[in-house]
Amino acid sequence: MHWRVTNETRQRLLADRAERAESFVQRFQGLMGRASLPMGAGMHIEPCDSIHTFFMRIPIDVAFLDAEGRIVKQLSALPPWRATAIYRRARSVLELPSGVLQASGTQEGDRLVFAPAEPTGA
Numbered sequence: 001m002h003w004r005v006t007n008e009t010r011q012r013l014l015a016d017r018a019e020r021a022e023s024f025v026q027r028f029q030g031l032m033g034r035a036s037l038p039m040g041a042g043m044h045i046e047p048c049d050s051i052h053t054f055f056m057r058i059p060i061d062v063a064f065l066d067a068e069g070r071i072v073k074q075l076s077a078l079p080p081w082r083a084t085a086i087y088r089r090a091r092s093v094l095e096l097p098s099g100v101l102q103a104s105g106t107q108e109g110d111r112l113v114f115a116p117a118e119p120t121g122a
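At position 15 of the sequence shown (counting the first as 1) the number is 15 in the working numbering, and the numbers step up by one without a gap.
Shown next as structure tokens:
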């Protein structure tokens with residue numbers, strides 16, 4: 001299932017086909033090894049309070065979210081082979097293509113909402 005992620009505070013769509021990683025294996029693998037992350041895609045990792053970009057090939061935008069979906073920390077264009085600090089208030093993280101947070105005007109304190117994406121195709 002894919003998810004539609006909207007910045008409720010700014011009324012901006014951030015992703016219309018975000019994946020969700022909830023199991024240990026899904027969270028561990030995340031976006032590792034992907035050659036690209038197209039606009040509209042993303043990865044929501046839950047539970048999560050820190051990430052790494054080891055074995056990744058692309059920079060990503062990252063939003064750490066509290067239990068209510070508010071951004072407690074955001075990082076733009078986090079390059080491969082980095083590790084973040086632990087953000088104690090974070091309960092999940094949303095990884096997006098580099099540039100999405102800036103282009104949407106998203107800021108710390110904004111609230112994100114997740115809804116099932118409409119199925120595509122016939």
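C-beta: ideal position from N, C-alpha, C; glycine also.
Looking only at its chain, what residues have a beta carbon closer than 6 Å to the beta carbon of residue i, apart from the 5 residues adjacent to it on each side?
i           : result
residue 122 : With a pLDDT of 48 at residue 122, under the threshold of 50, the predicted position of this residue should be treated as unreliable, though the coordinate-derived value follows. Closer than 6 Å at the Cβ level, and outside the excluded window around residue 122, lies no residue.
residue 84  : 50 and 51
residue 63  : 71, 74 and 94
residue 82  : 53
residue 89  : 66 and 72
residue 97  : 37 and 39
Could you give the first and the last residue of the continuous beta strand (DSSP E) run that contains residue i?
i           : result
residue 54  : Per DSSP, residue 54 belongs to no beta strand (DSSP E) and is neither H nor E.
residue 74  : 71-78
residue 83  : Taken as a continuous stretch (DSSP letters only), residue 83 belongs to no beta strand (DSSP E), as it is neither H nor E.
residue 117 : No beta strand (DSSP E) contains residue 117, which DSSP labels as neither H nor E.
According to the Cβ coordinates, are residue i and residue j closer than 8 Å?
i          : j           : result
residue 95 : residue 42  : yes
residue 56 : residue 39  : no
residue 5  : residue 112 : yes
residue 12 : residue 105 : yes
residue 2  : residue 115 : no
residue 76 : residue 47  : no
Quick one: grab the DSSP three-state call for residue i.
i           : result
residue 92  : strand
residue 122 : Confidence in residue 122 is poor, its pLDDT being 48 and thus under 50, which makes the residue's placement too unreliable to answer from.
residue 10  : coil
residue 41  : strand
residue 31  : coil
residue 102 : helix
Since residue i and residue j are thought to touch, with beta carbons under 8 Å apart, how far apart are those beta carbons, to the nearest angstrom?
i          : j          : result
residue 60 : residue 53 : 7 Å
Which same chain residues, not among the five before or five after residue i, have their C-beta less than 8 Å away from its C-beta?
i          : result
residue 34 : 56, 57 and 58
residue 21 : 27, 29, 30, 43, 44, 45 and 46
residue 87 : 49, 50, 64, 72 and 73
Can you list, in chain order, the residues of its chain with a C-beta nearer than 7 Å to that of residue i? Leave out the 5 residues immediately preceding and following it.
i           : result
residue 109 : 70 and 71
residue 10  : 104, 105, 106 and 110
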